[in-house]
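Below is one structure, written out as structure tokens; the observations come after it.
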Amino acid sequence: MLETERLLFRRYTDDDLDFLTSMLTDPLMVRYIGHGQIRTREEIRAFLDRILGHYAAGKGTGLMLAVQKQDGQPVGHVGLVPQQVEGRDEMEVGYWIARAHWGKGLASEAASAFLAYGRETLGLPRLVSLIHPANAASIGVAKKIGMSFERMVTFRGRDVCLYAAGETAS
Numbered sequence: 001m002l003e004t005e006r007l008l009f010r011r012y013t014d015d016d017l018d019f020l021t022s023m024l025t026d027p028l029m030v031r032y033i034g035h036g037q038i039r040t041r042e043e044i045r046a047f048l049d050r051i052l053g054h055y056a057a058g059k060g061t062g063l064m065l066a067v068q069k070q071d072g073q074p075v076g077h078v079g080l081v082p083q084q085v086e087g088r089d090e091m092e093v094g095y096w097i098a099r100a101h102w103g104k105g106l107a108s109e110a111a112s113a114f115l116a117y118g119r120e121t122l123g124l125p126r127l128v129s130l131i132h133p134a135n136a137a138s139i140g141v142a143k144k145i146g147m148s149f150e151r152m153v154t155f156r157g158r159d160v161c162l163y164a165a166g167e168t169a170s
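Here my numbering is used: position 116 in the sequence shown is 116, and no number is missing along the way.
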């Protein structure tokens with residue numbers, strides 16, 4: 001099981017629906033995610049089902065729940081997520097930390113662990129993060145873990161910053 005100084009990472013289960021709902025119904029939390037709208041319980045259930053289905057692929061990727069070692073409480077999620085970005089297959093280091101835990105360095109800690117996992121364990125030559133241009137905190141995380149701004153891209157109908165570590169896009 002992957003872990004850091006303060007966090008453990010585990011697979012989501014059906015029991016985590018309420019936590020995922022708490023993140024995806026918080027307007028400040030979702031303002032830079034997808035189209036910036038809170039989700040319905042049905043949309044969140046479908047999203048959790050996609051997360052659970054991704055585990056079945058068995059490629060060592062997917063979103064993992066981040067929980068505090070000290071008390072086992074979930075604080076967010078992080079993972080390696082295959083994405084199609086302007087016709088190119090990319091592996092995204094994705095990270096969401098619940099608002100109650102913002103400003104504690106948990107996103108950087110978690111994202112750094114998954115960047116290292118992608119490179120060292122999975123042997124991935126390139127990892128990216130897709131970040132809304134107004135999301136200064138996530139841009140700060142990407143820079144802190146060694147990613148550099150590469151270019152603006154259109155992803156799912158929204159212009160986002162593509163930060164990358166490793167090989168440059170050809």
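Even for Gly, the Cβ is constructed at its ideal location relative to N, Cα and C.
Counting along the chain, P27 sits inside the alpha helix (DSSP H) bounded by residues 27 to 30.
Inter-residue distance for G146 and A165 is about 7 Å (C-alpha atoms, whole angstroms). L124 and G118 have their C-alpha atoms roughly 6 Å apart. Taking C-beta atoms as the reference points, G94 and G79 count as a pair closer than 8 Å. For G76, the CB contacts under 6 Å within the same chain, skipping 5 residues up- and downstream, are A66, W96, I97, A98 in chain order. Looking at the DSSP output, G166 bridges to R126.
In the same chain as T4, and ignoring 5 residues on each side of it, the C-beta atoms closer than 6 Å to its own belong to E109, A113, in chain order. The C-beta distance from L162 to V141 rounds to 14 Å, too long to meet the 8 Å contact threshold. At a Cβ-Cβ threshold of 8 Å, L8 and I44 do not count as neighbours.
Only residues of its own chain outside the window of five on either side were considered, and among them Q83, V128 have a CB closer than 6 Å to the CB of E90, listed in chain order.
In the DSSP secondary-structure assignment, Y117 is not bridged to any residue. Contact annotation, Y32 with H132: C-beta distance approximately 4 Å; criterion of less than 8 Å satisfied. Contact check for H35 against R126 fails: the beta carbons are separated by 8 Å or more.
Straight through space, the alpha carbons of E92 and R151 are spaced by roughly 15 Å.
Under the three-state reduction of DSSP, G140 is assigned to helix.
The criterion of a C-beta distance shorter than 8 Å is not satisfied by E86 and T21. According to the DSSP assignment, Y12 belongs to no alpha helix (DSSP H), since it is labelled neither H nor E.
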